[in-house]
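K.L.:
The sequence shown runs 28 to 166 under this note's numbering.
Please see the structure below; I have some questions.
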Amino acid sequence: MPFTNPEPEQIKALLKGVKTIAVLGFSPKPVRASHSIARQMQRYGFRIIPVRPGISEGLGEKAYRDLASVPERVDLVNVFRSGEHVPEVVEECLRLGIRNIWMQEGAENEKSAERALAAGMTVVMGRCIMRDYTRLCRE
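Next up, the structure:
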């Protein structure tokens with residue numbers, strides 16, 4: 028059975044319950060989607076934690092090389108990596124007890140989405156978090 032995203036009301040409830048978002052694959056370049064979407068989500072009131080090796084900060088927040096290095100609770104991981112990297116991201120989320128993952132457009136991996144879902148995670152795949160937040164939560 029192929030993966031299907033949660034219904035819009037479930038996505039809305041997820042986004043309303045999230046406070047801290049780890050942006051995996053955050054780019055320090057403002058023209059990149061991972062940067063501009065994270066910046067807008069920060070403006071909407073979310074705490075953004077940049078996750079990318081080789082940078083020390085992003086959007087005024089300390090950056091971390093990987094999810095395991097983040098010292099605080101993460102409510103949702105927003106993935107901006109190509110689909111081939113998603114299996115390792117899902118496994119790391121499961122090891123760390125992170126319950127929610129959002130695979131941005133271009134970060135899809137059907138098997139990993141099914142694995143995460145089977146392990147009890149909430150999974151959204153192939154959608155833009157900013158677009159969904161704007162459409163569902165900013166009424």
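Beta carbons: idealized from backbone N, C-alpha and C, even for Gly.
Less than 6 Å between C-beta atoms, sequence neighbours within five positions excluded: which residues of the same chain meet that for N105?
P.N.:
I48, V50, W129, I156
K.L.:
Output the residue ranges of the alpha helix (DSSP H) runs that lie fully inside the stretch 63-140 and measure 4 residues or longer, sorted by chain position.
P.N.:
113-123
K.L.:
If S139 sits next to F107, beta carbons under 8 Å apart, how far is it from one beta carbon to the other, in whole angstroms?
P.N.:
Going by Cβ atoms, the distance from S139 to F107 rounds to 15 Å, so no, they are not a contact pair.
K.L.:
Compare the C-alpha of V78 against each of P57, E118, G52 and name the closest.
P.N.:
G52
K.L.:
Classify Q37: buried if its beta carbon has 16 or more other beta carbons within 10 angstroms, exposed otherwise.
P.N.:
exposed
K.L.:
Which partner residues of I48 appear in the DSSP bridge assignment?
P.N.:
I75, L103
K.L.:
For A134, is the classification buried or exposed, using 16 other Cβ atoms within 10 angstroms of its Cβ as the cut-off for buried?
P.N.:
buried
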